[in-house]
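Chains as they are written, first to last, in this note's numbering: chain A, 269 to 545; chain B, 269 to 545.
Here a beta-carbon is modelled for each residue, glycine too, at the ideal position from N, C-alpha and C.
The structure presented is a predicted model; accordingly, all values stated were derived computationally and were not measured.
Below is one structure; the comments refer to it alone.
Protein chains: 2
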Amino acid sequence: MDERPIGVFDSGVGGLTVVKELRSLIPAEDIVYFGDTARVPYGNKSIPVIRRFSLEIARFLESMRVKMLVIACNTATALALDYLKRQTDLPIVGVIEPGVRAALNAIKDGRIGVIGTSATIRSEAYQSRLHRFRPRDVILARPCPLLVPLVEENLLDAPITKLALDMYLSEWRESGIDALILACTHYPLLKPLIEEYFQGRVRLIDSAQETAREVAELLQARRLQAPPDRMGSEEFYVSDSPESFTTIGSAFLGRPLQRVFLEPVWKRDIGPVSAVD
Amino acid sequence: MDERPIGVFDSGVGGLTVVKELRSLIPAEDIVYFGDTARVPYGNKSIPVIRRFSLEIARFLESMRVKMLVIACNTATALALDYLKRQTDLPIVGVIEPGVRAALNAIKDGRIGVIGTSATIRSEAYQSRLHRFRPRDVILARPCPLLVPLVEENLLDAPITKLALDMYLSEWRESGIDALILACTHYPLLKPLIEEYFQGRVRLIDSAQETAREVAELLQARRLQAPPDRMGSEEFYVSDSPESFTTIGSAFLGRPLQRVFLEPVWKRDIGPVSAVD
């Protein structure tokens, strides 16, 4: 038994889709969340910058005495997971392996599409894993950089968002795909619109549920679970504007947020980052 | 005579629209530009965060021995110009006073619209100045948060950008406005599309030209001009991805960029920032 909290981070609010699933699957666990709202978005940024920002956040979460880290951001998982593993002794779970597993479980064979930020798609983190496990499947990938700002503007059902989907996905609707991996934690909020766009003819895969399952398994395997007879607490830290995080975040979490605090992580001493620079 | 460079900064590439006008009006001047591409965009961020980032950049430009600062970003001008004036002895020019003056010069009276980022519009920096000088004019203001990502995606003539304009501006097209202030240095790239949208029935005001004029006047008044018989040099520093800045930046500058360097300003000692935090 281990009552220390789970540390979860994202570039902003998107990671709350993972928090929602963690809360539902392992309600006894305390959660400390960090959203880097002063430096959001990560999706167009470079590997050294995303690694540095991720390390600053990891150091902050370590200072909050977390028992493990969850990178609830596809871009940071794609570009910084292996790097962070070399910088900390804490167990770390990202969202990409679970997302790939969810896709492999969902369909036996066929055509799999992957959509995400430019940095995630460019990293080929999804494509290379899918190819490895399913060398005969057709893997298609496409960056959709406007979807994050559209979701952040809460335009979840607006004509402009439909037009953006059409701009990015019309080719796949024509040619047909069997599964579509939502490789960005913002995208689950667009599920109804994407389902409507494909007229229900595609399986939508997001990694939030499968990530929560992997976290639960890891805690069990390492005997790090919280005692089951308690209700876990939540604290949310952001690098900018707790007010706007609280407002937008509730759409992601599906309920009101409390205990949101300001934490400028860049003020912390994160030690040497020579491998980054 | 003073051969030191002019320091210009922006959250990203947008400020290059000001560099273009500076180059055209005062070609003898050297320019050192900083684009904060690791932390772009600024438009949804808070006052303390934008002040801190602006101060880090000002300290970097001071270290490059510039003779003055140009804040080529509406959001940073709105939220950090007065703050920076208290932190440095260098003369500083922002883009808002010039933008307001350009609007007042362009029309005698009527209905003036202002579009910009959420932070710029929320600051009321334009609205309050326009009201002061033109208490009888009708001043309308509207944040257009999707226009920056659309411009950064180079979708300058795409159907989705037309739809965004319609979402933000249809009311003003119906009711009619006489001038529209483009209160964001990204927006001049949308001029053709906006003119088409209003069918030429509105004066579009951007502050780049007027800002360059104010810089030239200030240099002359303080005897800080470079000798006229020389060709000014340019250096561009960015906090992330010189490659992508070089590519996107040429659309803003209207010609290829050279001498683009990486400079992570957050590694510098910026001294006390107690007034910020």
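| query | Tell me the DSSP bridge mates of residue 504 of chain A? | reply | DSSP lists A:301 and A:528 as partners of residue 504 of chain A.
| C-beta contact flag for residue 377 of chain B and residue 404 of chain B at 8 Å | yes
| message | Only counting the same chain, and skipping five residues up and downstream in sequence, which positions put a Cβ closer than 6 Å to that of residue 476 of chain A? | response | 285, 286 and 289
| said: Using C-beta distances below 6 Å, list every residue in its chain close to residue 382 of chain A, excluding the 5 sequence neighbours before and after it, in chain order. | reply: 394, 409, 449 and 451
| query | Thinking C-alpha only, which one of B:536, B:369, B:455 and B:523 is nearest residue 507 of chain B? | reply | B:536
| request: Note down the Cα distance separating residue 315 of chain A from residue 391 of chain A, rounded to an integer number of angstroms. | output: 9 Å
| said: By the three-class DSSP mapping on this structure, what secondary structure does residue 350 of chain B have? | reply: helix
| In chain order, what residues of the same chain have a beta carbon less than 6 Å from the beta carbon of residue 269 of chain B, not counting five sequence neighbours either side? | 495
| query | Mind checking whether residue 274 of chain A and residue 335 of chain A have CB atoms under 8 Å apart? | reply | yes
| What three-state label does DSSP hand residue 381 of chain A in the structure shown? | In the three-state reduction of the DSSP assignment, residue 381 of chain A falls in the strand class, which pools E and B.
| request: Return the CA-CA distance between residue 545 of chain A and residue 509 of chain B, expressed in angstroms with no decimal places. | output: Here residue 545 of chain A scores only 46 on pLDDT, less than 50, and its place in the model should not be relied on; the value that follows carries that caveat. Cα to Cα, the separation comes out at about 13 Å.
| field | Segment limits, alpha helix (DSSP H) that includes residue 541 of chain A | value | No alpha helix (DSSP H) contains residue 541 of chain A, which DSSP labels as neither H nor E.
| request: Could you tell me whether any Cβ in chain B is nearer than 8 Å to the Cβ of residue 439 of chain A? | output: So no, residue 439 of chain A is outside the interface.
| Where do the ends of the alpha helix (DSSP H) carrying residue 389 of chain A lie? | For residue 389 of chain A, the uninterrupted alpha helix (DSSP H) segment begins and ends at 386 to 391.
| query | residue 484 of chain B versus chain A: which residues are under 9 Å apart at the beta carbon? | reply | What residue 484 of chain B touches in chain A: nothing, since even the nearest Cβ is about 34 Å away.
| field | residue 468 of chain B - containing beta strand (DSSP E), residue span | value | Premise fails: residue 468 of chain B is in no beta strand (DSSP E) and is neither H nor E.
| query | the stretch 300 to 320 of chain A: which residues have C-beta closer than 7 Å to a C-beta of chain E, in chain order? | reply | Looking at the structure shown, chain E is missing, and the protein chains on hand are A and B.
| request: Please compile the residues from chain A whose C-beta is within a distance smaller than 9 Å of the C-beta of residue 442 of chain B. | output: Within chain A, no residue comes near residue 442 of chain B; the closest Cβ sits about 18 Å away, beyond 9 Å.
| query | Is it right to say residue 469 of chain B is buried, meaning 16 or more other beta carbons lie within 10 angstroms of its own, or is it exposed? | reply | A residue is called buried when at least 16 other Cβ atoms come within 10 angstroms of its Cβ; residue 469 of chain B does not meet this threshold and is exposed.
| Which of helix, strand or coil DSSP assigns to residue 446 of chain A | coil
| query | Does any residue of chain A bring its CB to less than 8 Å from the CB of residue 519 of chain B? | reply | no
| Whole-angstrom C-beta distance between residue 413 of chain A and residue 312 of chain A, which should lie under 8 Å | About 7 Å; that satisfies the 8 Å criterion.
| query | Can you list, in chain order, the residues of its chain whose CB lies under 7 Å from that of residue 425 of chain A, leaving out five sequence neighbours each side? | reply | 461
| Which residues in the same chain as residue 364 of chain A place their Cβ atom closer than 8 Å to its Cβ, once the five residues preceding and following it in sequence are excluded? | 342, 345, 346, 349, 393, 394, 397, 451 and 475
| said: Taking the beta carbon of residue 488 of chain A as the centre, do at least 16 other beta carbons fall within 10 Å, making it buried, or is it exposed? | reply: Counting Cβ neighbours within 10 Å, residue 488 of chain A comes out exposed, since fewer than 16 surround it.
| message | What residue range does the alpha helix (DSSP H) around residue 334 of chain B cover? | response | That residue, residue 334 of chain B, is in no alpha helix (DSSP H); it is neither H nor E in DSSP.
| Assigned secondary structure, residue 360 of chain A (DSSP; H/G/I helix, E/B strand, else coil) | If DSSP states are grouped into helix, strand and coil, residue 360 of chain A belongs with the strands.
| Backbone CA spacing between residue 366 of chain A and residue 532 of chain B [nearest angstrom] | 33 Å
| Is the distance from the Cβ of residue 454 of chain A to the Cβ of residue 282 of chain A below 8 Å? | yes
| Whose Cβ in chain B lies nearer than 9 Å to the Cβ of residue 414 of chain A? | 414, 417, 418, 421, 423 and 428
| said: Quick check on residue 355 of chain A: buried or exposed, where buried means 16 or more other Cβ atoms within 10 Å of its Cβ? | reply: buried
| query | Straight-line CA distance for residue 406 of chain A to residue 463 of chain A? | reply | As the crow flies, the alpha-carbon of residue 406 of chain A is around 21 Å from that of residue 463 of chain A.
| task | Taking residue 586 of chain A as the reference, give the member of A:358, A:418 and A:466 with the closest Cα. | result | Any property of residue 586 of chain A remains undetermined from this structure, which presents chain A solely from 269 to 545.
| query | Which residue from A:326, A:526, A:375 and A:372 puts its Cα closest to that of residue 357 of chain A? | reply | A:326
| field | CA nearest to the CA of residue 534 of chain B, picked from B:271, B:319, B:279 and B:324 | value | For the options B:271, B:319, B:279 and B:324, the alpha carbon positioned closest to that of residue 534 of chain B is the one of B:324.
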